[in-house]
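Undergrad:
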Amino acid sequence: MGGFEGADHVNSRGEQVLMNRSNGHWERLEEDYAQLARFGIRTIRESIGWRACAAAAPGAEMARLARTAQAARKFGLQVIWTIHHYGVPDGVDMFSRDFPARLAGFCDQVARALKDSSEGEPLFFQPVNEISFLSWAASSTSLIHPFQPDSPERGYELKCNLARAALQACDALWATCPDARIVHTDPIIHIVPTGDQPEWAEEVRALSAAQYQAWDMLCGRLEPGLGGAPRYLDVLGLNYYHNNQWEHPTNERLHWHLRDARRRDPVAMVAEVCERYGRPVFIAETGHVGDGRAQWIDEVGSLAMRCKTAGVPLQGICLYPLIDRPDWEDARAWHRSGLWDVDERTGARTLHRPSARRLEHWQALLAGTEAPPSSSPSTPGKPMTHLIVFSHLRWNFVYQRPQQLLSRLGHRFPVVFVEEPMPGAAQPVLEMLSPCEGVVVLRPHLTASAPGFHDDHIPQLQKLLAEYLGEAAIDDYWLWFYTPMAMPLAAGLSPAGVVYDCMDELSAFRHAPRQLLQRESALLQSADLVFTGGQSLYESKRERHPRVHCFPSSVDAAHFARAPGDHREHEAQAGIGRPRLGYCGVIDERIDLDILAALADAHADWQIVAVGPVVKIDPATLPQRPNIHWLGQRGYDELPALIGGWDVCLMPFALNEATRYISPTKTLEYMAAGRPVVSTPIHDVVGPYAGVVAIAEGSKAFVEACEAVLARGPEEQARQAGACEAIVRATSWDRTADEMASLIDKEDEKKRTKQAPPQAHGGSSSSGTIAPITLAPAANEQADGMADAYATVILGAGPTGLAAALHAGRGSLLVEQNATVGGWCRSVEDKGFTFDYAGHIMFSNDPYVLDLYKRLLGDNVHWQDREAWIYSKSVYTRYPFQSALHGLPPPVLKECLIGAIEARFGSIGKPERRVSPTGPSRAAAPPAASESPAPAVPHAPTPATPPRNFEEFIYKVWGEGVAKHFAIPYNRKLWAVPLSEMETSWLGGRVPLPDLEEMIEGALQPVRKPVGPNARFGYPLRGGFQALMNGFLPLLEGEMALGTRVTAVSPSRKTVTFDNGRTVSFNTLISTMPLPRLVEAIGAEAPAFVREAARHLRHVSVRCVNLGVARENITDKHWIYYPEDTVFHRIFVQGNASPHCNAPGGFGLTCEITYSPLKPLPAEGDALVRRCFDDCVRVGLLRPDDQLLAANEVDMPCAYVVYDHARAAHVQAIRNWLAEADILLAGRYSEWEYYNSDHAFVAGRKAAEAALGLNANPAPPAVAVAA
């Protein structure tokens, strides 16, 4: 049931109140009625308005009344007509003796006007709305003009007159409509005395008894002279709101959301009315305001359910009002109290979705309760799945990941957010809050004194939670944990599933409970899904659970973006000078307070602003300076104005165990606010945001980084702002919440499918009229079975994918499994050092690529001559070896020159055949093969035959000496496969091929100029090679999804499915992912010959060991090649790529080590780092006493494609089949080619151009799907 607020009295200001006109209900009558049908609401309350009718032209209001009745019939609605709703015509006095007769006369008019609308069904009338309330309002308040507060006696006098009027009105109505049903409504109340004073207890008894006086008068029990009799008391309507229970004489409410123990169970209150009068009873008015509306529906739904269980004959519940309305006393103040909100300017209705969802929930659960007269039975349905969340963080603490996600998930799954207990209460009680739509916060106040989810709290908390879930009839739910310490609470619950959203490594925090790790292990055993708040946490948890999904911190960009020209200052910092350097967030053991002090000391004119609560540390330890301003915790809504007033945003995190796994939410919030950011080298900041966030370790470096940021010119500021904007544009909390919800839905469906019992074919159908509510999905939600559609989907955001996305433009989707773009061209930062994934440089002869370098980097680049050298025989020679033999020991030099001459002219008096001095080129070759001799070298300059393999090429082109001393040992280390199994098509343009004259010249004197295609190269000044990759971000016009892994590709359906459960469709797919991985994702759709070809593709992996050495200017070289017995085959001297790659006082080196199944890594972890350090000492690059400031490893599982003899045929077979489904291969790993980064850019552009052509001229797919 539902009611439309229809008060028509004059308020205390002398202003006419007319609710049905204020909210447009009379004008939108049919629209309002039509909406009710969706919800199965078949009985409504409408107010006729005696005063309104009297003020209208003769006959006009009765005509309106007839139209209302006609509209109700059209939509199948039964109406309870309220005749006197507080207002009286001018000249009528409710206290006068003629008032009853005047009201009876009007009731006669109403009955005659509506008599013919009943179509044989009895009409329902309410002669006087709330006799008891109205008599109180007109005698004890100024709400009803012209009455002023007077005395209880005056109120009782009015109550008698209103009862007499109601009795005469009943007679008038029955005279015309003998079968009419009469409804009398009034509030039911419960009052308790303050303290134990007897006089107050007596007053409470009197006040409580007064709630029944009007009904007693109507049935003749009280004041029989009024004419009351049992037949007048027909149907009773009970008005029940949150404020119907209070304390006397303070009038303090017994708050329902705090679960005040003094409150009376409303089931008992309803039961008392039923027992007292024995008449049909329903809740005639109930509702709440603001965000508490949905939660209140749970309250009254629980009331109905418990009445049903207890056998209390509650006939129905009327939601009141259905449509929002303004306040009686202030027409500008709207209550936000309806199932629909109202636009004050246009009158448009907006469904309050959380209330609608709760209504659907209770309609399903209460499907078997008795319905009010003329209602149709409900249709049973499935209640909505809830999320019961256990959190160590309070909802009103710093607004971060839990609030961002759950406020959004609450639109799809009603959320019950259980905070950790508040200890030391006198008695256990649950406080209830409604912070936002779809979320109810339960704050337990418990008697034990321990902090957090301590074992001492569990029994009380289990009891309170069970009571709440029972009252709210929540029996279909998932559990969601933010802290494993709440794990014991799961023992008493029966969830449909369990989520662990790991946002921090809590065990590393100060004062972490000793049981935390054990409980986390138990939680990981029980969880169906594990979400992590960053890449570091993902890496630490991924091996501990089969379904771990990385959802890094995101951002509500619209919240933090300031409108152009909005320079308003937040009042808290309006008086603070500039420049301002600000931090917002929790201030605890994770903050390096020394950095803040250093910033203040370094520049007295800098103003340091810190916003956030101080927890777990002594506030006395905070540095105090005239230019440091501690502003305390501020509301989430205040943050944009605060951050917008800062010149530099700070993330001065300490480097300790507590920060090892953090993924700060504020990184993206700062970016969204358009502010530059300086951070210490936090792993999950350095990885995704290198080159965009300035990284500095230590106080001195941090000060210098802030100085550099403040000194940026307009062009650099604009470039940085563009990069930040692109990063922010690629993520949102909405998208994260949607992806999480999709995973829950899929897992829930899978679990329920397994548990569902078999059903007979052709299930039963219901004839009930209450249909489930269908809520339209949000704009970014996928409907079941439907996929987001894109013209072009690009898999992989390495250099090829980024170039493809640049040219594909709008309508494209770029997907990357890592948290940042770049592929193997990414960079990492560690303790102030920048390291690339292996060494990368910029070089090209292609005008397109050279122009692209300028677009991506601007002036953030420097060019230099390459210094590439080879270390062998204890000496350095220039690269390439065959062109720069000068400096080698004379015997080696002689062998190399003679070998080169013999390779060209034939043997000069030596045996025709030779065995490779270093042994056959076999990595773990079978014994029979190990006897194979080296390729034959011809005697004389006969016409050369092409080399049959790479090993033969080395001997034929460079000769035995170069093969022995460099080419064979180096390439065996590099390729980690037998060289005879490799062909040579990849060599062109990559390996310098000097003629014999050049080799001799390079042996006689030092080579002065670098040789080869990359003899001069460029490199980003700041940000490592990552800066080049990040340069694409402001230029991309399509969508981008980071941290998203491909799980399935369907050529026949032209769809891609990701690990977050999302599926998208494409016209054209550009894949830059490794070709075997693509075929694996296609699975059984690929024919057997395609799957077989992919299995035979071979690659080499690379492990990079990065060393940050505590010594500057270790060498002047860029690369050093090591053909002899070091663990690494090459060192990229990262510290010389750009001076900004080095931490202050340090120097970076990257040791590259290949491995494969035939050549496993000799060690892992610290042992491998130690091996690299020792070998660097042994070759003279480092000293034994050198100290390491940083050491880390990066792994490249698919680094080099192996050009074996079958590669080309395998690749062509796969490519031809994929092309039929408009799947284009682009880049090194997808085309299975040896591409440099400049080739990758060109390949990406060509693929995008091909995709645009296919999209413009689509053809039906002709893919032969494997059976």
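Our numbering puts the first residue of the sequence shown at 16, with every later residue one more than the last. Cβ coordinates follow ideal geometry from the N, Cα and C atoms, glycine included.
Tell me the start and end of each unbroken beta strand (DSSP E) in the stretch 174 to 229 that is at least 3 residues and wholly inside, in chain order.
TA: 196 to 202, 205 to 208
Undergrad: Classify Ile63 as helix, strand or coil using the three-state DSSP reduction.
TA: coil
Undergrad: Please report how far the alpha carbon of Asp861 lies from the alpha carbon of Phe1256, in whole angstroms.
TA: Going from the Cα of Asp861 to the Cα of Phe1256 covers about 10 Å.
Undergrad: Where does Glu584 land, buried or exposed, given buried means 16+ other C-beta within 10 angstroms?
TA: exposed
Undergrad: In this structure, does DSSP put Asn35 in helix, strand or coil?
TA: Asn35 falls in the helix class under three-state DSSP.
Undergrad: So Tyr101 packs on Leu177, CB below 8 Å; how close in whole Å?
TA: Contact flag wrong, Cβ pair sits at about 11 Å.
Undergrad: Once you ignore the five residues that flank Trp839 on each side, which residues in its own chain have a CB closer than 6 Å to its CB?
TA: Tyr852, Met1211
Undergrad: Using the Cα positions of Ala823 and Leu683, report the straight-line distance between them to the nearest angstrom.
TA: 26 Å
Undergrad: Does the beta-carbon distance from Gly1195 to Ala834 come in below 7 Å?
TA: With respect to the 7 Å criterion, Gly1195 and Ala834 are not classified as neighbours on the basis of their beta carbons.
Undergrad: Report buried or exposed for Pro9, applying the criterion of at least 16 other Cβ atoms within 10 angstroms of its Cβ.
TA: No answer is possible for residue 9: the residues shown for the chain start at 16 and end at 1282.
Undergrad: Residues in the same chain with beta-carbon distance under 8 Å from Leu269, minus the five sequence neighbours each way, listed in chain order, please.
TA: His205, Val207, Gln260, Trp261, Glu262, Asp275, Arg277, Arg278
Undergrad: When we look at the beta-carbon of Gln475 and count the other beta-carbons within 10 Å, is it buried (16 or more) or exposed?
TA: The residue is buried, with at least 16 neighbouring Cβ atoms inside 10 Å.
Undergrad: Taking Cβ to Cβ, would you say Ala22 is nearer than 7 Å to Ile146?
TA: no
Undergrad: Mapping DSSP to helix, strand and coil, what is Ser133?
TA: coil
Undergrad: Please name the residue in Ala1206, Pro438, Phe496 whose C-alpha comes closest to that of Arg534.
TA: Phe496
Undergrad: Counting C-beta neighbours from all protein chains within 10 Å, is the total for Asp490 16 or more, i.e. buried, or is it exposed?
TA: exposed
Undergrad: Could you give the residue range of the alpha helix (DSSP H) that holds Gly1180?
TA: First-last of the alpha helix (DSSP H) with Gly1180: 1180 to 1193.
Undergrad: Could you check if Leu337 is buried or exposed, using at least 16 other CB atoms within 10 Å of its CB as the buried criterion?
TA: buried
Undergrad: Count the other C-beta atoms from every protein chain shown that fall within 10 angstroms of the C-beta of Ala386, then say buried if there are 16 or more, exposed otherwise.
TA: Unreliable placement is indicated for Ala386, whose pLDDT of 35 sits below 50; the coordinate value is still reported in the next sentence. Counting the other Cβ atoms within 10 Å of the Cβ of Ala386 gives 16 or more, which makes it buried.
Undergrad: DSSP has His99 in a bridge; who is on the other side?
TA: Val143
Undergrad: At the 7 Å Cβ level, is Phe981 part of the contact set with chain D, yes or no?
TA: In the structure shown, chain D cannot be found, because there is only a single protein chain.
Undergrad: Output the distance between the C-alpha atoms of Ser694 and Asp662, rounded to the nearest integer angstrom.
TA: 14 Å
Undergrad: Less than 8 Å between C-beta atoms, sequence neighbours within five positions excluded: which residues of the same chain meet that for Ala775?
TA: Caution applies to Ala775, whose pLDDT of 36 falls short of 50 and renders its modelled position unreliable; the model cannot decide the point.
Undergrad: Just how far apart, CA to CA, sit Asp571 and Pro993?
TA: 54 Å
Undergrad: Please state the DSSP three-state secondary structure of Met666.
TA: strand
Undergrad: Which residue spans inside the stretch 621 to 703 form an unbroken beta strand (DSSP E) run of at least 3?
TA: 622 to 626, 643 to 647, 663 to 666, 692 to 694
Undergrad: Going by other Cβ atoms of all chains shown within 10 Å of its Cβ, with 16 needed for buried, is Lys478 buried or exposed?
TA: exposed
Undergrad: Out of Val454, Trp493, Pro417, Arg409, point me to the one whose CA is closest to Phe468's CA.
TA: Arg409
Undergrad: With respect to 6 Å, is the separation between the Cβ of Asp123 and the closest non-hydrogen atom of the ligand PLP below this value?
TA: Ligands in the displayed structure: none, and consequently the ligand PLP is not present.
Undergrad: My parser needs the alpha helix (DSSP H) runs of 4 or more residues fully inside the stretch 533 to 576; what are they?
TA: 550 to 556, 572 to 575
Undergrad: Based on DSSP bridge pairs, tell me the residues matched to Tyr891.
TA: Tyr886
Undergrad: Can you look up Asn254 in the DSSP assignment and give me helix, strand or coil?
TA: strand
Undergrad: Would you list the one or two residues that DSSP bridges to Tyr598?
TA: Ala625
Undergrad: So Trp1134 is in the beta strand (DSSP E); what residue range does that whole segment cover?
TA: 1134 to 1136
Undergrad: Met320 by DSSP, collapsed to three states: which one?
TA: Three-state result, Met320: helix.
Undergrad: Taking the continuous alpha helix (DSSP H) assigned at Pro1287, which residues delimit it?
TA: Past the boundaries of the shown model lies residue 1287; the chain is included only from 16 to 1282, so the question cannot be answered.
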